[in-house]
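Colleague:
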Amino acid sequence: MEGCFIIPEFVKIDQTMKKIIILCLTIAIPFATFAQAPIHCLIKTELGDIAIELYPAKAPVTVANFMRYVDKNSYNGSSFFRVCTPANEATRKVKIQVIQGGNVPANQSLDSIKMETTQYTGLLHKNGTLSMARGGPNSATSEFFICIGNQPALDYGGARNPDGQGFAAFGKVTAGMDVVKKIQAQKDTAQYLIKPVKIYGISRTE
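Those letters in the sequence shown? Residues 2 to 207, by this note's numbering.
(1) Since residue 200 and residue 76 should fall inside the 8 Å C-beta cutoff, what is the C-beta to C-beta distance between them, to a whole number of angstroms?
(2) If you draw a straight line from the alpha carbon of residue 210 to that of residue 97, how long is it in whole angstroms?
(3) Please return the same chain residues whose Cβ sits closer than 8 Å to the Cβ of residue 206, not counting the five positions on each side in sequence.
(4) Compare the C-beta of residue 185 against all C-beta atoms of chain C and say whether one is closer than 8 Å.
(5) By Cβ distance, which residues of its chain are closer than 6 Å to residue 155, with the 5 residues on each side in sequence left out?
(6) Identify the continuous beta strand (DSSP E) that holds residue 170 and give its terminal residues.
(7) Just the C-alpha distance for residue 120 and residue 114, rounded to the nearest angstrom, thanks.
(8) Tell me the residue span of the alpha helix (DSSP H) that contains residue 109.
(9) What is the DSSP secondary structure of residue 157, reduced to helix, strand or coil?
(10) Would you give the residue range spanned by the alpha helix (DSSP H) that residue 164 belongs to?
(11) If you follow the alpha helix (DSSP H) that residue 120 is part of, which residue opens it and which one closes it?
(12) Apart from the five residues on each side of it in sequence, which residues of its chain come closer than 7 Å, Cβ to Cβ, to residue 122?
(13) With 16 other CB atoms within 10 Å as the buried threshold, where does residue 66 fall?
(14) Is the distance from the Cβ of residue 177 to the Cβ of residue 49 below 8 Å?
Here's what the structure looks like:
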């Protein structure tokens, strides 16, 4: 038809596809950001509560492992059972200060996980850092510890573990370090608490 401009069909399709792509990105970007946002949890103990936040964007394997235990309520009834203090570390060449917990029943223990070192995650062992206890590399299961003061000997290349791999940090305490210190102050024998501090449960708070 004279004087009439006809838009080719492929142009219409292209414009439609652009709208779809833009819509998908609008939905996907906030979702991806939300999916990687810190996870907040509360550790309820008989000596008080400890609020923590975890970093799935930096330590995805370690955080996912910890949350499997949380979501299965496996930590309910476990305890903080070990403390490292200036007194009981006096004879150690490389000294640290931490409290260790998360000793779930054997039938609730899951497979060990790949170790995400501090070299990989960038999460260092500073005051309040939450990290996984382990024997050899890639052996962590449920047990974790909380740092009291900065503990560089626990980072990758640190001297606390002879293999030099350090430990897998994955979160930090946001409130309740007074409770952490109260747990550390309990009486121990060779670093093991005479009366372990009961963990009533660990749950998501948002």
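Ideal Cβ positions, reconstructed from N, Cα and C, are used throughout, including at glycine.
Modeller: So, from the data block:
(1) Yes, residue 200 and residue 76 are in contact; Cβ-Cβ is about 6 Å, under 8 Å.
(2) Nothing about residue 210 can be read from this structure; the chain reaches only from 2 to 207.
(3) Only 41, 42, 43, 52 meet the Cβ criterion.
(4) Annotation note: the requested chain C is absent from the structure, which comprises a single protein chain.
(5) Closer than 6 Å at Cβ, skipping near neighbours: 126, 161, 167, 168.
(6) Looking at the DSSP string, the run of the beta strand (DSSP E) that includes residue 170 is 169 to 176.
(7) Pairing residue 120 with residue 114, the inter-Cα distance amounts to about 17 Å.
(8) It is not in any alpha helix (DSSP H) - residue 109 carries neither H nor E in the DSSP assignment.
(9) DSSP, read as helix, strand or coil, puts residue 157 in coil.
(10) Careful: residue 164 lies outside any alpha helix (DSSP H) and carries neither H nor E.
(11) From DSSP, the alpha helix (DSSP H) with residue 120 extends over 119 to 122.
(12) The answer, listed in chain order, is 59, 60, 170.
(13) With 16 or more other Cβ atoms within 10 Å, it is buried.
(14) Contact: yes.
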